[in-house]
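First comes the structure, then the notes that go with it.
In the UniProt record's numbering, the protein residues as written are 1 to 126.
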C-alpha cells in the first residue's frame, strides 16, 4: 500500500480491529458510516442489520480482550476505485472463530468509513 488514501485506510482498519477486539462501540462509530449495512453470510446464521442494532450487539458483548482471546488479523487486499470508494478484504481471529470480511468503503467529509460489512466465519478447531 502506498499513498495517503492507503495510509488512512490502514488507520481505519487498525481502529476496526481494535474496536471489535475491545467491543468498543465508540471507536467503531468512527469506523462505520451512519448508513452501515451489516450482513452475516455464514451458512445457517444469516443476519442483516443497520448500525444501531449492531452497536447494541457490540455493547452487550463481553470484550474478547477481557477474556484474553487469541487475536490475529490481516488486511488481505485493498482495492480502490478512484478516490471515493473501495473494498477491503480482511480476516480476523477472535471469540473462537476465523472471520472473513468484505468491507466496502466510502470516502466522506469525515474520511474513509465502512459502508457495508459482509462476513462469514468458521469455528476454530484448536
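Cβ coordinates follow ideal geometry from the N, Cα and C atoms, glycine included.
It should be emphasised that the depicted structure is a prediction, and the values quoted were computed from it without experimental measurement.
### Query
In the DSSP assignment, what are the bridge partners of residue 80?
Residue mapping note: residue 80 aligns to position 80 of the chain shown, counting from 1. Its beta-bridge partners are 86.
Quiz item: Name the DSSP beta bridge partners of residue 30, please?
Solution: Position 30 of the chain shown, counting from 1, holds the residue named residue 30. Note: residue 30 sits in no beta bridge, so no partner.
Requested in this report: Write down the C-beta distance between residue 25 and residue 69 rounded to the nearest angstrom, noting that I regard them as a contact closer than 8 Å.
Outcome: Within the chain shown, residue 25 is the residue found at index 25, counting from 1. Within the chain shown, residue 69 is the residue found at index 69, counting from 1. The Cβ separation is near 18 Å, so there is no contact.
Assuming residue 117 and residue 101 are in contact, meaning their beta carbons sit under 8 Å apart, how far apart are those beta carbons, in whole angstroms?
Here residue 117 corresponds to residue number 117 of the chain shown, with the count starting at 1. Here residue 101 corresponds to residue number 101 of the chain shown, with the count starting at 1. About 6 Å separates the two Cβ atoms, so the contact holds.
So what does DSSP say about residue 115, is it helix, strand or coil?
The sequence position of residue 115 within the chain shown is 115, counting from 1. Note: residue 115 maps to strand in three-state DSSP.
What would DSSP say about residue 22, mapped onto helix, strand or coil? Within the chain shown, numbered from 1, the residue matching residue 22 stands at position 22. Here residue 22 sits in coil by DSSP.
Apart from the five residues just before and just after residue 27, which ones in its own chain have a Cβ nearer than 7 Å to its Cβ? Here residue 27 is taken as the residue at index 27 of the chain shown, counted from 1. The residues are 15, 18 and 19.
Given residue 61 as reference, the closest of 7, 103 and 22 once Cα atoms are compared
Taking the first residue of the chain shown as position 1, residue 61 is located at position 61. Checking every option, the nearest Cα to that of residue 61 belongs to 22.
Element boundaries [alpha helix (DSSP H), containing residue 51]
Counting from one through the chain shown, the residue named residue 51 turns up at place 51. Counting along the chain, the alpha helix (DSSP H) containing residue 51 begins and ends at 51-60.
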